[in-house]
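Trainee: Take a look at the following structure, please.
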Amino acid sequence: MPVVVQHLTQPSDQDRQDLLKIYADAPDWLLAPFAEAGELIERGLAEGRLFTGRFNDRLLGAAWIERDGDAWRLSRLCVRQVTRGRGVARRLLEEAQRLAVLQGAALRLTAPDGKHEAAVFAEHLGLTLETT
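Residues in the sequence shown are numbered from 1 upward in steps of one, following the UniProt record's numbering.
So this is what it looks like as structure tokens:
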């Protein structure tokens, strides 16, 4: 089964548990300015920014997407440690890019300045990294 990408608006209790597991392995800079993953998740849900990758009814990855006219900014991309390297992040990015193009927008990957791992990841996927 492929990873199904969805804009998560009404999470189940299991979805919330999965999101906490996803962001439990995230570096502090990815959570900032939030003190903990639960705050980031609740804000992302409240603002309609949370997109997720689901496989076999479980969330394996998540990202925020901010839609701003002709540009969509994808940030806070994180995949559960145990499933990294299996294409979940790539699938999230590909679907976000497809949806952005349908809306006449370009997708940009964003991360704080100086985050080498984000720059390497963007280059690996052929995307430009926009730093904040």
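Glycine is no exception: its CB is placed at the ideal position from the N, C-alpha and C atoms.
Is there contact here, the stretch 53-68 with the stretch 2-20, by at least three beta-carbon pairs under 8 Å?
Mentor: A contact exists between the stretch 53-68 and the stretch 2-20.
Trainee: Within 10 Å of its beta-carbon, does Trp-72 have 16 or more other beta-carbons around it, so buried, or fewer, so exposed?
Mentor: Along the sequence shown, one-based indexing puts residue 72 at 72. Burial call: buried.
Trainee: Count the CB pairs spanning the stretch 16-31 and the stretch 59-75 that are closer than 8 Å, and state whether there are at least three.
Mentor: Yes, the stretch 16-31 is in contact with the stretch 59-75.
Trainee: Name the two residues that bound the continuous beta strand (DSSP E) containing Leu-74.
Mentor: As a first step, residue 74 must be located in the sequence shown, where it is residue number 74. Leu-74 -> beta strand (DSSP E) spans 71-79.
Trainee: Excluding sequence positions up to five away, which residues of its chain have a Cβ less than 7 Å from the Cβ of Ala-118?
Mentor: Within the sequence shown, numbered from 1, the residue matching residue 118 stands at position 118. The residues are Ala-111, Leu-129.
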